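> Structure provided below as structure tokens; questions to follow.
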Amino acid sequence: MSQQRITEVEKENRMLREELKLAHDAAKVTSTQVVKQFEKTERVLRNFQDINAEHQAVLDAVSQLSLIATDLQGTITLFNQGAINLLGYSAKDALNKKNILSIYPSDELQVMGSALAGASQITISGIHVFDQLVRRKLLQAHKWHYQCKSGELLPVSVSITGFQDANGERIGYLHSAMDITQHNQLEHELQKAKELAEEANLGLASLLDNSGQGFLSFGPDMVIDTQYSLACEAMLGWSPSGRNAADVFFHGDAAKADLFRTIISSVLDESDPYIRDSMLSLLPVEILRGNAILKAEYKILDNGKFMAILTDITEERRMAAMLHTERCRLELIVMAVSDSRNFFDTVDAFREFLAHGLPRMLDGTAAPKILARGLYREIHTYKGLLNQFSFPGTPKALHDIETCLSGLLSLDDALTREMVAELVSPDTLQVPFDEDIAVLSDALGEEFLAHGENIILSGDQALQLEKLAIRLLRGDTVDASVAEMRTLLNEIITLRKVSFGDVLMGFDGMIRQTAERMEKEVAPIEVTGGDDVWIDPYIYRPFLRSLVHVFRNTVAHGIESPDV
């Protein structure tokens, strides 16, 4: 083979190899592209299948939600599992066969159409009802009824929306509905419970409003709640709602208001219920509103709030005062008649004090403090004596002066005689004393007071005195050695005197009164002997007067209160 031929063959071989290489590369590229395209197609298909499965799963998962899609004429094109469960139709029975209008009651469609038409003359009916709801964007749920396959009318809440194609043209409606049977039942029960609660609240409010008591509550911030009984406004003079409880109750008494706040705060910090109740008992129990007296009770509620119960006790106090006055009046009359000797002794002594003793002390030269102390003792003495006979007004006036004198004594060197004289004047005491004496004048007559002390004789004593008078008038000689005559003369001698035993027994009423006021218990006085010891009450008057202090101080300081 020539060299030239060899060269041509090699050139052909190179060209062939290049062609083979190009063919191989081309086949390789085509194969890769095919694989890639196939893989892409697989991915798209798989993605579509996944999305379709997810879509169907979502539709079927909401088994409680009925989703029905229709075309513009109402033919059903989508009927999910929720719609199947709700209406009882199968998807095969409904899809492309039933019209949505067969599911809605015609009367409800008519009512909705009339509501949409309003005052206009147009008629909206059938499928146009849904069209108008969508056009007017009334997308909120409305209450309807669905006609089930069984014929049952099922209450549902339906939201109707439109959906469009790729060009934005509406192509149908989606009816999303939920069974509200249970909801309606719960709503009915809730409404019934609400009505019962309102009825109970009205009954309770009526009860509280007609109870005559004020009921209100407040929290830890002391602000009174909006709910309270009507009596609160009448008692307090204004609506307490939103006001601070301390300011409402004690707006005129800063000390009580501060005490109220302090105790309420302490109660909130205490966990022991018994200690809390004890703290609440320390709160002021009386609230003054002008001439009205309110009694306050406090309770802590389970929610941490406090309840205050107000009761107007003004009339109760007035009646109690009237009863006390009447009781004192009756006791005064009884004591004046039954113990006239001591009664008139006390009255005469007090009159003498007002007419002479008090002016003499005020006109004297004693130092102001000595004068005040002397008057304090006299005032205290006569308060006890007059209280012993249940004088209704004078002891109170004496007590007020006694209290003021105690305050003046604390002034020490700043005290002047003018201060004492201004406080203790005869006129200040004469007025209530005359009013008390008038009680006796009205009940027993002026003669009782004019005659003064009475000495009571037995019928036998009167007869014996009559016989003695006759004998003396006849000029007969009286033989004192005769036993009968001696007995009579001794009785005459003791007519104006009193036995020491009777004197001590006369303090029994005063002791009982003092014990009652101090809520103490005392046994009746028992006197052993003394009946044959006769004393002249005029001579022993200062001593007997001092016994008033002895017995009063014995009750006040020597007798303990009974255990509760």
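82 is the number of the first residue of the sequence shown in this note's numbering; add one for each residue after it.
All residues carry an ideal CB built from backbone N, CA and C; glycine is no exception.
Remember, it's a predicted structure, so these values are computed and weren't measured experimentally.
1) Measuring alpha carbon to alpha carbon, tell me which residue in 149, 155, 629 and 505 is nearest residue 166.
2) Does the beta-carbon distance from residue 376 to residue 395 come in below 7 angstroms?
3) Buried or exposed for residue 426, please, with buried defined as at least 16 other CB atoms from any protein chain shown within 10 angstroms of its CB.
4) Tell me the residue span of the alpha helix (DSSP H) that contains residue 357.
5) So for residue 627, helix, strand or coil by DSSP?
6) Provide the residue span of the beta strand (DSSP E) that contains residue 299, from first to last.
7) Identify the residues that DSSP records as bridge partners of residue 241: which are they?
8) Entirely within the region 400–481 and at least 4 residues each: give me those alpha helix (DSSP H) ranges in chain order.
9) Is residue 155 closer than 7 angstroms to residue 208 when the C-beta atoms are compared?
10) What would DSSP say about residue 377, mapped onto helix, strand or coil?
11) Taking 8 angstroms as the threshold, find out whether the region 380–392 comes into contact with the region 298–307 through three or more Cβ pairs.
12) Thinking just about the alpha-carbon of each residue, which of 361, 485, 325 and 374 is nearest to the one in residue 316?
13) Evaluate residue 451 with the Cβ neighbour count: other Cβ atoms within 10 Å of its Cβ, from every protein chain shown; 16 or more gives buried, anything less gives exposed.
14) Might you give, ordered along the chain, the residues of its own chain that have their beta carbon closer than 6 angstroms to the beta carbon of residue 360, omitting 5 neighbours on each side?
15) Residue 341 and residue 368 look like a contact to me (Cβ under 8 angstroms); what is the Cβ gap, rounded to whole Å?
16) Under the rule that 16 or more other beta-carbon atoms within 10 Å means buried, what is residue 256, buried or exposed?
17) Report the residue from 571, 518, 529 and 639 whose alpha carbon sits nearest the alpha carbon of residue 542.
18) Roughly how many whole angstroms lie between the Cα atoms of residue 556 and residue 547?
19) Less than 6 angstroms between C-beta atoms, sequence neighbours within five positions excluded: which residues of the same chain meet that for residue 101?
20) Check whether the region 185–192 and the region 291–301 touch, using three or more Cβ-Cβ pairs below 8 angstroms as the test.
21) Can you tell me the Cα-Cα spacing of residue 200 and residue 152, whole angstroms?
22) What is the DSSP secondary structure of residue 574, counted as helix, strand or coil?
23) Going by Cα to Cα distance, which pick from 485, 431 and 472 is closest to residue 459?
24) Between the alpha carbons of residue 486 and residue 326, how many angstroms are there, rounded?
25) Going by beta carbon distance, what residues of the same chain come within less than 8 angstroms of residue 446, once the five residues before and after it are set aside?
26) When you compare only the Cα positions, how much space is there between residue 578 and residue 625?
27) In or out: residue 441 buried (at least 16 other Cβ within 10 Å) or exposed?
28) Relative to the alpha-carbon of residue 631, which residue among 598, 524 and 461 has its alpha-carbon at the smallest distance?
29) If residue 235 sits next to residue 227, beta carbons under 8 angstroms apart, how far is it from one beta carbon to the other, in whole angstroms?
30) On the DSSP letters alone, give me the boundaries of the beta strand (DSSP E) that residue 150 sits inside.
31) Does DSSP put residue 515 in a helix, a strand or coil?
32) Using a Cβ-Cβ cut-off of 6 angstroms (strictly less than) and excluding sequence neighbours within five positions of residue 514, which residues of its own chain qualify?
33) Looking at the structure shown, is residue 123 part of a helix, part of a strand, or coil, going by DSSP?
34) Quick check: the Cα distance between residue 520 and residue 470, rounded to an integer number of angstroms?
35) Can you grab the Cα-Cα spacing for the pair residue 157 / residue 239, in whole Å?
36) Roughly how many whole angstroms lie between the Cα atoms of residue 509 and residue 417?
Considering the structure as presented:
1) 149
2) no
3) buried
4) 354–361
5) helix
6) 294–299
7) 256
8) 421–433, 439–444 and 449–469
9) yes
10) strand
11) yes
12) 374
13) exposed
14) 344, 347 and 348
15) Actually they are not in contact, since the Cβ atoms of residue 341 and residue 368 sit about 10 angstroms apart, beyond 8 angstroms.
16) buried
17) 571
18) 14 angstroms
19) In this predicted model, residue 101 has a pLDDT of only 47, less than 50, meaning its place in the structure is not dependable enough to derive any value.
20) no
21) 30 angstroms
22) helix
23) 431
24) 37 angstroms
25) none
26) 14 angstroms
27) exposed
28) 461
29) 5 angstroms
30) 146–152
31) helix
32) 475
33) For residue 123, the predicted model reports a pLDDT of 47, less than 50, meaning its position is unreliable; a value from the coordinates is still stated below. Residue 123: helix per DSSP, three-state reduction.
34) 13 angstroms
35) 16 angstroms
36) 24 angstroms
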